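Participant:
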DNA sequence: GCAAAAGTGTTACGGCTACACCCATGG
DNA sequence: CCATGGGTGTAGCCGTAACACTTTTGC
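Protein chains in written order, with my numbering: chain W, 368 to 575; chain P, 368 to 575.
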């Protein structure tokens with residue numbers, strides 16, 4: 368016989384800060400998983416679809432409407448929440464760092480997943496470590512489409528390169544990287560960086 | 368306040384038959400959407416995850432365990448089922464045609480989506496036309512990984528090429544196609560096609 | 001004038017595209 | 001011997017990779 372379930376949404380919220388890929392987490396104050404870290408999830412309400420629930424939750428958590436998100440996988444293990452059957456729709460969410468109010472609760476992705484080797488002693492609540500792992504893979508696979516949401520409208524090409532290098536954990540040749548981006552995704556503006564104590568960079572825009 | 372929902376799984380089951388990409392559908396016998404066609408969906412039961420529910424359902428519908436499937440999107444519109452709130456996890460499922468028992472209920476994908484231009488008069492129940500459309504896009508985008516599940520273990524290269532051509536609706540140069548596949552996905556065997564009234568093709572296998 | 005980061009051009013290589021004819025088998 | 005589909009090689013082009021020095025600004 369079928370069983371009804373609560374429908375959760377779990378956004379894995381990423382930003383780039385201090386040259387690290389970071390995820391927003393909070394510490395649980397109640398059981399289960401008291402004092403473990405978790406994603407800022409929520410539940411879908413009556414007459415609401417997942418997208419609206421997600422927007423509502425992100426607005427509440429981030430205190431802005433300036434974010435991007437995309438669904439990547441739905442998690443349905445019947446024991447994933449020990450209290451009550453709850454499935455969760457996983458989203459990747461991206462916010463540009465100048466829209467972030469404070470960086471207290473943001474964690475370096477590489478500091479989180481280093482616990483992966485200790486399956487019995489995970490730092491994270493529920494299946495959230497798994498959700499974050501899958502979200503990170505999804506982010507890497509789709510970086511060409513997602514990178515713009517981690518940048519201001521106008522940005523120096525080297526900032527774009529550094530986002531690729533941080534997320535893909537790989538260095539790129541500066542000349543080749545510029546050529547590729549100009550050929551496919553970005554175009555130059557007439558503006559320049561300001562107030563930097565070195566040669567100011569030309570600013571670029573994403574096409575389309 | 369949150370609302371519990373039924374959790375459905377909706378596999379879009381594809382095969383290649385008579386040089387067409389076909390989807391398995393059934394005609395509804397009851398309201399709502401009586402006499403419209405629908406996917407062979409199901410509901411997740413107690414203590415069951417989506418993957419098990421899907422396997423159970425596919426086994427029942429296809430009368431075999433020889434199929435492949437992959438989750439691609441979850442549909443959550445609160446009005447998608449007029450009877451009761453039901454979200455649905457969409458899967459692409461693939462079956463090789465020699466494992467199909469009969470082809471009565473299989474529909475050419477291009478005959479289904481030609482109704483897309485008439486939004487007020489869809490042939491399909493619920494949001495299943497939308498689910499099929501998204502599944503088809505997902506199949507196209509991932510064909511390099513999925514093609515093997517539409518073929519027998521050992522197959523002629525030209526059969527692989529025809530699968531690419533049917534699904535992507537695009538012709539490929541035979542020499543170039545062979546070189547690419549041999550370089551990346553397949554290797555030859557020592558076996559040949561049998562009982563064909565022309566030069567028998569060498570059979571190939573997927574790597575790994 | 002020094003520190004810091006921006007910006008730029010060329011060559012070599014490899015992969016991709018375009019293209020047309022011969023081969024093996026059954027009937 | 002004919003019909004049917006299987007199978008093959010090469011040359012040109014294009015994109016990618018490798019590589020190091022000059023420029024602009026603030027201080």
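Just so it is clear, CB atoms sit at the ideal spot from N, CA and C, and this is done for glycine as well.
Nothing here was measured: the structure is a model prediction, and the numbers come from that model.
Taking only runs of the beta strand (DSSP E) that begin and end inside the segment 496-523 of chain P, which ones reach a length of at least 3 residues, in chain order?
Facilitator: none
Participant: Should residue 498 (chain P) and residue 442 (chain P) be called a contact, given that it needs their Cβ atoms to be closer than 8 angstroms?
Facilitator: The answer is yes: Cβ separation under 8 angstroms.
Participant: Going along the chain, which residues of its own chain have a beta-carbon closer than 7 angstroms to the beta-carbon of residue 432 (chain P), five neighbours each way excluded?
Facilitator: 426
Participant: Between residue 439 (chain P) and residue 460 (chain P), which are expected to be in contact by the criterion C-beta below 8 angstroms, what is the C-beta distance as a whole number of angstroms?
Facilitator: That belief does not hold up - the Cβ atoms of residue 439 (chain P) and residue 460 (chain P) are roughly 11 angstroms apart, past 8 angstroms.
Participant: So residue 462 (chain P) and residue 372 (chain W) are supposed to be a Cβ contact under 8 angstroms. How far apart are they, rounded?
Facilitator: Contact doesn't hold; Cβ gap of about 29 angstroms is too wide.
Participant: Using 8 angstroms as the threshold, is the C-beta distance between residue 506 (chain W) and residue 534 (chain W) below it?
Facilitator: yes
Participant: Taking residue 571 (chain P) as the reference, which of P:565, P:546, P:423 has the closest Cα?
Facilitator: Nearest in C-alpha terms to residue 571 (chain P), of all of P:565, P:546, P:423, is P:546.
Participant: Flag this pair as yes or no: are the beta carbons of residue 384 (chain W) and residue 470 (chain W) separated by less than 8 angstroms?
Facilitator: yes
Participant: Mind listing the chain P neighbours of residue 441 (chain W)? Cutoff is C-beta to C-beta under 8 angstroms, in chain order.
Facilitator: 417, 438, 441, 456
Participant: Give me, in chain order, the residues of the same chain whose beta-carbon lies closer than 7 angstroms to that of residue 387 (chain W); leave out the 5 immediate sequence neighbours on both sides.
Facilitator: 475, 533
Participant: Looking at the unbroken beta strand (DSSP E) that takes in residue 470 (chain P), where does it start and where does it end?
Facilitator: Taken as a continuous stretch (DSSP letters only), residue 470 (chain P) belongs to no beta strand (DSSP E), as it is neither H nor E.
Participant: Can a CB atom of chain W be found closer than 8 angstroms to the CB of residue 560 (chain P)?
Facilitator: At a cut-off of 8 angstroms between C-beta atoms, residue 560 (chain P) does not count as an interface residue with respect to chain W.
Participant: For residue 417 (chain W), which residues does DSSP report across the bridge?
Facilitator: Answer is none; residue 417 (chain W) lacks a bridge partner.
Participant: Can you find a C-beta in chain W that's less than 8 angstroms from the C-beta of residue 570 (chain P)?
Facilitator: Interface annotation, residue 570 (chain P): not in contact with chain W, CB-CB separation never under 8 angstroms.
Participant: When the Cα atoms are used, what is the spatial distance from residue 404 (chain P) to residue 389 (chain P)?
Facilitator: 14 angstroms
Participant: When we look at the beta-carbon of residue 458 (chain W) and count the other beta-carbons within 10 Å, is it buried (16 or more) or exposed?
Facilitator: The Cβ neighbour count for residue 458 (chain W), taken over all protein chains shown within 10 Å, is at least 16; the residue is labelled buried.
Participant: Closer than 7 angstroms by beta-carbon distance: list the chain W residues that pair up with residue 369 (chain P), in chain order.
Facilitator: 373, 410, 411, 412
Participant: What does residue 459 (chain P) pair with, by DSSP beta-bridge criteria?
Facilitator: Answer is P:379, P:437, bridged to residue 459 (chain P).
Participant: Apply the 10 Å Cβ neighbour rule to residue 448 (chain P) and answer buried if 16 or more other Cβ atoms are within range, or exposed otherwise.
Facilitator: Answer is buried; the Cβ neighbour count reaches 16.
Participant: In this structure, does DSSP put residue 563 (chain W) in helix, strand or coil?
Facilitator: For residue 563 (chain W), the secondary structure class from DSSP, reduced to helix, strand or coil, is coil.
Participant: Is there a Cβ from chain P that is less than 8 angstroms from the Cβ of residue 378 (chain W)?
Facilitator: no
Participant: What three-state label does DSSP hand residue 569 (chain P) in the structure shown?
Facilitator: strand
Participant: If we ignore side chains and look at the alpha-carbon of each, how far apart do residue 409 (chain W) and residue 414 (chain P) end up?
Facilitator: 22 angstroms
Participant: DSSP three-state label for residue 370 (chain W), please.
Facilitator: coil
Participant: What does the alpha-carbon distance come out to for the pair residue 406 (chain P) and residue 379 (chain P)?
Facilitator: Near 7 angstroms, if we compare the C-alpha coordinates of residue 379 (chain P) and residue 406 (chain P).
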